[in-house]
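S.K.:
Numbering (this note's numbering), first residue to last: 3 to 105.
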């Protein structure tokens, strides 16, 4: 008795579990998705916050010698530590807000 071959498998000579050869071409239609107003609003907000953060770091380091001179201080290393401490304390709260509003 001869084994029967499915007409689908016989037509293209490939079983459903065979992988595609290098000569097989698969065309995928490109999908163009227009970005909405919400995307651009979030994008601009992130860019603005990154710009303001960089500006803040630059302005503090530029103005620090003048501030120390006006306050008659000799040691201004605490300013960098205070900024780091403040931003570190703010991180868990901003992470929680991102979890609530980011989903």
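C-beta atoms are modelled at their ideal positions from N, C-alpha and C, and glycine is treated no differently.
Looking at C-alpha atoms only, which residue of 97, 61, 37 is the closest neighbour of residue 81?
M.R.: Residue 61 is the option with its Cα nearest to residue 81.
S.K.: Where does the unbroken alpha helix (DSSP H) through residue 31 begin, and where does it stop?
M.R.: Looking at the DSSP string, residue 31 is not in any alpha helix (DSSP H), and its letter there is neither H nor E.
S.K.: Which residue comes first and which comes last in the alpha helix (DSSP H) that contains residue 59?
M.R.: Its alpha helix (DSSP H) spans residues 39–72.
S.K.: Rounded C-beta distance between residue 66 and residue 78? I'm assuming under 8 Å.
M.R.: So it is a contact: roughly 6 Å between Cβ atoms.
S.K.: Identify, in the order they occur along the chain, each residue of the same chain with its Cβ nearer than 8 Å to the Cβ of residue 72, setting aside the five sequence neighbours on each side.
M.R.: There are no such residues.
S.K.: How many angstroms separate the CA atom of residue 70 from the CA atom of residue 41?
M.R.: Whole-angstrom Cα-Cα distance: 43 Å.
S.K.: Which value, in whole angstroms, describes the spacing of the CA atoms of residue 100 and residue 92?
M.R.: So the two alpha carbons sit approximately 12 Å from each other.
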